[in-house]
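Undergrad: Pasting in a structure now, in structure tokens, and then I'll have a few things to ask.
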Amino acid sequence: MYGRDALLKGLVPRLVGVTPECHRVRMEYGEDLPVVILTGARGLGKTVLLERLRNTHRRCIPVALLDCESPELTDPPHGNDVSWTPVTEALYVLAEQLVPRVPGAGDMRFPRLAAGLLAVASSGWGPDENERIQAEAARLGTLLAPESRWEKRGRAWLGKVVTRLSDLAATGIPAVDIVVEATVESLLEELFDRSERKAADWYGSYPNAGGNAARGLVLLGRHFHRGDGHRAVAERHLIGALRADLTAAYTGPGRLRRFGRPLVLLDNAQAGPGRLIVESVLHDRHEGVHDRTVVIAAPRGGDGAAPEHAVRVRFAELARPGRWRRGQEPGSGALATALPPLEAEDVRRVFDRAEDAPGVPAGLYRCVHHLTGGHPLAVGLLAEAVHRIPDGREPTPGALLDAPVRATGRTTGAELLHRLVPADCLEGLVILAAARDPGSAEALAAVRLRDRGGVNGMHRARDLLRREGWDEDPELFVADLLLRSALLHRLHRQDPDSASWRAVHHTLRDYHASGEWRGQRHAPSEPLRLHHELALGRAESAVVHLRESFRRPEVPARQWLDELLAITSAPYFAVPDHRRAIALGAVDPRQPPQDHGDDPVLHFRIRRLLHAVWLTRDPLALHDAEVAERMAHELARLSDLHRTGSDVLWQASREWALRAGQQCTF
124 MYGRDALLKG LVPRLVGVTP ECHRVRMEYG EDLPVVILTG ARGLGKTVLL ERLRNTHRRC
184 IPVALLDCES PELTDPPHGN DVSWTPVTEA LYVLAEQLVP RVPGAGDMRF PRLAAGLLAV
244 ASSGWGPDEN ERIQAEAARL GTLLAPESRW EKRGRAWLGK VVTRLSDLAA TGIPAVDIVV
304 EATVESLLEE LFDRSERKAA DWYGSYPNAG GNAARGLVLL GRHFHRGDGH RAVAERHLIG
364 ALRADLTAAY TGPGRLRRFG RPLVLLDNAQ AGPGRLIVES VLHDRHEGVH DRTVVIAAPR
424 GGDGAAPEHA VRVRFAELAR PGRWRRGQEP GSGALATALP PLEAEDVRRV FDRAEDAPGV
484 PAGLYRCVHH LTGGHPLAVG LLAEAVHRIP DGREPTPGAL LDAPVRATGR TTGAELLHRL
544 VPADCLEGLV ILAAARDPGS AEALAAVRLR DRGGVNGMHR ARDLLRREGW DEDPELFVAD
604 LLLRSALLHR LHRQDPDSAS WRAVHHTLRD YHASGEWRGQ RHAPSEPLRL HHELALGRAE
664 SAVVHLRESF RRPEVPARQW LDELLAITSA PYFAVPDHRR AIALGAVDPR QPPQDHGDDP
724 VLHFRIRRLL HAVWLTRDPL ALHDAEVAER MAHELARLSD LHRTGSDVLW QASREWALRA
784 GQQCTF
């Protein structure tokens, strides 16, 4: 919950009128309330945040939390999909959570919703289905009356409904319209008492009901059974019934026993039920049909997950009142904000206990913050991994990814991907994460994803990244540093001999080396070819290229530095790591002897620089002040040798060292 006070202690108490300690506060926005939209990719803490809101406020006000991707919204409770949809199940689940008595709120009952759901359920009833009819009606009865009262009146009503259906069946299977009409008639005449019949009058506002509640309920059941657009109208009216019941509870005879406003929380609200509920609330409130329900929805995704025309604010602004004003469009009824990542200081607090472990460097949290960008799920998993680093490994972010997770047996890297990426898309993304641009991703998909749709599989993977709210970059297929690092870690570790890793980088190396791929021309790139050579552990070709281009007067120093950065962004997972020793002057025993040209001093200087930059920029390595100092030293010496770019290289020697010390990208 680090950095979440603007919502927990600011906006939400002002909306519901109650603090988590059940102290009353002045409510904001009067009768016209915004729908609060919390956006973000997986793992940013939306679920944990909604659970905290539920747990801290349910002692004071009625609260319901619905996961719109929950398995219980995918299968009918009684095996009947004719009179059931995820939306009707979602409404039942929400109402069921709102029913229990809350101190200061009294009893909550849902006669409008129960009547509508019974009318809908009856559209799927037929003869000889006594048990199912009784089970469905009894389930909905819990929304209508206390259990003892329902048992007393409900049993008699159910018996009459079943008898009536049996009578209708004597002349053949009853038509849907007849069943719904019979059910609604007996519901209003025999089950509802006076106050509940008055509540059911609300259905007189159903389209074409003409103010007649019974006709409205019958039309609701018929429309639901017909499906398509008719069903959408019925579902929207049922959503309105839930809100109307909540509003009546806070404005009717029992209002003096209640304070604050009820709270409905929708997790994974990009899924069907959540999306329809949010759209319905926004539409009704835009039309002036206000209610007392505070709705907070957390769809997965970036800015595009919020409704069009939503009022967008920074998360910190939620601490201050008056940040929302309704506009002319229905979507302006939404107050949208993106959940921010953790700050470096928050990550330090998470790692405080972990860094008490023997041998853990004090600056590890900074490296983790750089790798994760403050992603809460990743920070938590990596902090837990500190005490399970494999024997003999230096405590680096890369070693944390290899640490086992006690609960699942997966490595921390695998557990992170399990939580961040849908299982059916994971293997494709593992391959594509190595691509640097759309063209190379397409070439990689055509060769390495043949059994996963080839290029079409690549397009689906890109759509998934956009839909899930991950950052985009035209020069990287997977732009997010954390996700890309975890995917590449999986690629390198998935074979004992790293065969998949080598195959992927060989394909990409060949693509960037040639100006033609499968009959289509593209611009070759020597730096990107060397990038993949470096990922394969072959550094000498890159050193030779950088040495020769450094000596060419037509290559500007800025271009030379850009090529150096492109090459050294290559991922590195080898254990042990030889880069530090080479950066500080040792000769890499894995590299065969090479022709150093006519200037061995320049050759070895660039070799040391390449390994220093490679290690310093590696998000899975610890910050090494000595290596960063060597990097700055080599750049400064090279500035004396360059014919036209002395100032550029000297400035880079200062800036890169400074940014390395601050754990910033350069």
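First residue of the sequence shown? That's 124 in the numbering used here, and the numbers climb one at a time after it. Backbone N, C-alpha and C fix where the C-beta goes; we use that ideal spot for every residue, glycine too.
Report yes if the CB atom of Pro650 is closer than 8 Å to the CB atom of Ile690, and no otherwise.
TA: Along the sequence shown, read from residue 1 onward, the residue named residue 650 stands at position 527. Along the sequence shown, read from residue 1 onward, the residue named residue 690 stands at position 567. Yes, they are a contact pair.
Undergrad: So, with DSSP's three-state summary, where would you put Gln682?
TA: One-based indexing of the sequence shown puts residue 682 at position 559. In this structure, Gln682 counts as helix in the three-state DSSP scheme.
Undergrad: Assign Trp207 to one of three DSSP states: helix, strand, or coil.
TA: Your numbering for residue 207 matches position 84 in the sequence shown. Correct three-state label for Trp207: coil.
Undergrad: Extract the residue ranges of the alpha helix (DSSP H) inside the stretch 482-541, only unbroken runs of 4 or more that lie entirely within it.
TA: 487-495, 499-508 and 520-525
Undergrad: Leaving aside the five residues before and after Leu310 along the sequence, list all residues of the same chain whose C-beta is less than 7 Å from its C-beta, in chain order.
TA: For this step, residue 310 is matched to residue 187 along the sequence shown. Cβ contact annotation for Leu310 (same chain, cutoff 7 Å, sequence separation greater than five): Ala238 and Leu241, in chain order.
Undergrad: In the DSSP assignment, what residue or residues form a beta bridge with Ala459?
TA: Translated into positions along the sequence shown, residue 459 becomes position 336. Residue pairing by DSSP places Ala459 opposite Ile160 and Arg435 in a beta bridge.
Undergrad: Could you check where the beta strand (DSSP E) with Leu241 kicks off and where it finishes?
TA: Working through the sequence shown from its first residue, we reach residue 241 at position 118. Unbroken run through Leu241 is the alpha helix (DSSP H), Pro234 to Ser245; no beta strand (DSSP E).
Undergrad: Of the choices Arg359, Pro385 and Glu358, whose alpha-carbon is the least far from that of Thr370?
TA: Within the sequence shown, residue 370 is the residue found at index 247, counting from 1. Nearest of Arg359, Pro385 and Glu358 to Thr370, Cα basis: Pro385.
Undergrad: Mapping DSSP to helix, strand and coil, what is Ala187?
TA: The residue labelled residue 187 in the question sits at position 64 within the sequence shown. Ala187 falls in the strand class under three-state DSSP.
Undergrad: Which residue's Cα is closest to the Cα of Pro723: Val667, Asn178 and Val470?
TA: Within the sequence shown, the letter at position 600 stands for residue 723. It is Val667.
Undergrad: Around the C-beta of Val473, are 16 or more other C-beta atoms found within 10 angstroms, so that it is buried, or is it exposed?
TA: One-based indexing of the sequence shown puts residue 473 at position 350. Classification for Val473: buried.
Undergrad: Which same chain residues, not among the five before or five after Leu572, have their C-beta less than 7 Å away from its C-beta?
TA: If you number the sequence shown from 1, residue 572 lands on position 449. Within the same chain, Leu572 has close Cβ partners Gly551, Ile554, Gly580 and Met581.
Undergrad: Using DSSP's beta-bridge definition, name the partner residues of Gln643.
TA: Translated into the one-based positions of the sequence shown, residue 643 becomes position 520. Trp640, per the DSSP bridge assignment.
Undergrad: Could you give the first and the last residue of the continuous alpha helix (DSSP H) run that contains Leu266?
TA: Position 143 of the sequence shown holds residue 266. In the DSSP assignment, Leu266 falls outside any alpha helix (DSSP H) and carries neither an H nor an E.
Undergrad: Are Leu138 and Val417 close, meaning C-beta to C-beta below 8 Å?
TA: Walking along the sequence shown from the start, residue 138 turns up at place 15. Walking along the sequence shown from the start, residue 417 turns up at place 294. Going by C-beta atoms, Leu138 is nearer than 8 Å to Val417.
Undergrad: Asp230 by DSSP, collapsed to three states: which one?
TA: Counting from 1 along the sequence shown, the entry for residue 230 is found at position 107. Correct three-state label for Asp230: coil.
Undergrad: Given this structure, state the Cα-to-Cα distance separating Gly660 from Gly592, to the nearest angstrom.
TA: Locating residue 660 in the sequence shown gives position 537, where the first residue counts as 1. Locating residue 592 in the sequence shown gives position 469, where the first residue counts as 1. Using only the alpha carbons, I get a separation of about 33 Å.
Undergrad: Can you give me the C-alpha to C-alpha distance between Glu565 and Thr630, rounded to a whole angstrom?
TA: Your numbering for residue 565 matches position 442 in the sequence shown. Your numbering for residue 630 matches position 507 in the sequence shown. Going from the Cα of Glu565 to the Cα of Thr630 covers about 11 Å.
Undergrad: Using three-state DSSP, classify Val418 as helix, strand or coil.
TA: Residue mapping note: residue 418 aligns to position 295 of the sequence shown, counting from 1. Look at Val418 here: in three-state DSSP terms it is strand.
Undergrad: Label Met124 either buried or exposed according to how many other C-beta atoms from any shown protein chain fall within 10 Å of its C-beta, with 16 as the threshold for buried.
TA: Numbered from 1 along the sequence shown, position 1 holds the residue referred to as residue 124. Met124 is classed as exposed because its beta carbon has fewer than 16 other beta carbons within 10 Å across all chains shown.
Undergrad: Would you mind listing the alpha helix (DSSP H) stretches within the stretch 543-569 that are 4+ residues and don't spill past its ends, in chain order?
TA: 546-555
Undergrad: Can you give me the C-alpha to C-alpha distance between Arg489 and Arg471, rounded to a whole angstrom?
TA: To locate residue 489, count along the sequence shown from 1; it is residue 366. To locate residue 471, count along the sequence shown from 1; it is residue 348. Approximately 8 Å between the Cα atoms of the pair.
Undergrad: Hey, how far is the Cα of Val404 from the Cα of Val698?
TA: Reading the sequence shown from its first residue, position 281 is the one you call residue 404. Reading the sequence shown from its first residue, position 575 is the one you call residue 698. The straight-line gap from Cα to Cα measures roughly 55 Å.
Undergrad: In terms of residue numbering, what span does the alpha helix (DSSP H) encompassing Asp368 cover?
TA: Indexing the sequence shown from 1 puts residue 368 at position 245. Segment Asp351 to Thr374, the alpha helix (DSSP H) holding Asp368.
Undergrad: Am I right that Glu656 and Ala665 are in contact with their C-beta atoms under 8 Å? What's the rounded C-beta distance?
TA: Taking the sequence shown and counting its residues from 1, the one referred to as residue 656 is at position 533. Taking the sequence shown and counting its residues from 1, the one referred to as residue 665 is at position 542. 6 Å between Cβ atoms; contact.
Undergrad: For Asp741, I'd like the list of residues in its chain whose CB is within less than 7 Å of its CB, leaving aside the five on either flank, ordered along the chain.
TA: Start at 1 with the first residue of the sequence shown, and residue 741 comes out as number 618. Within the same chain, Asp741 has close Cβ partners Tyr695.
Undergrad: Kindly list the residues whose CB is nearer than 7 Å to the CB of Tyr329, restricted to its own chain and excluding five residues on each side of it in sequence; keep chain order.
TA: For the purposes of this step, residue 329 is taken as the residue at position 206 of the sequence shown. Taken in chain order, the residues that qualify are Gly339, Leu342, Leu343 and His360.
Undergrad: From Leu604 to Ala394, what does the alpha carbon distance come to, in whole angstroms?
TA: Within the sequence shown, residue 604 is the residue found at index 481, counting from 1. Within the sequence shown, residue 394 is the residue found at index 271, counting from 1. The alpha-carbon atoms of Leu604 and Ala394 are separated by roughly 27 Å.
Undergrad: Given 8 Å as the limit, is there contact between the stretch 505-519 and the stretch 527-536, that is, 3 or more CB pairs closer than that?
TA: yes
Undergrad: For Gly424, which beta-bridge partners are listed by DSSP?
TA: Within the sequence shown, numbered from 1, the residue matching residue 424 stands at position 301. Answer is Gly163, bridged to Gly424.
Undergrad: With DSSP as the reference, label Val141 as helix, strand or coil.
TA: In the sequence shown, the residue the question calls residue 141 occupies position 18. Three-state result, Val141: strand.
Undergrad: For the 8 Å Cβ check, are there 3 or more pairs between the stretch 725-736 and the stretch 756-768?
TA: Of all C-beta pairs linking the stretch 725-736 to the stretch 756-768, three or more are shorter than 8 Å, placing the two stretches in contact.
Undergrad: Assuming Leu494 contacts Glu538 (C-beta within less than 8 Å), just tell me the rounded distance between them.
TA: As a working note, residue 494 is residue 371 in the sequence shown. As a working note, residue 538 is residue 415 in the sequence shown. Beta-carbon to beta-carbon, Leu494 and Glu538 are separated by about 15 Å, too far to satisfy the 8 Å threshold.
Undergrad: Does the stretch 437-455 come close enough to the stretch 742-750 that 3 or more CB-CB pairs lie under 8 Å?
TA: no
Undergrad: Specify the secondary structure class of Leu465 as computed by DSSP and reduced to three states.
TA: One-based indexing of the sequence shown puts residue 465 at position 342. Here DSSP, grouped into helix, strand and coil, assigns Leu465 to coil.
Undergrad: From the DSSP output, in three-state form, read off Leu388 for me.
TA: If you number the sequence shown from 1, residue 388 lands on position 265. It is a strand residue.
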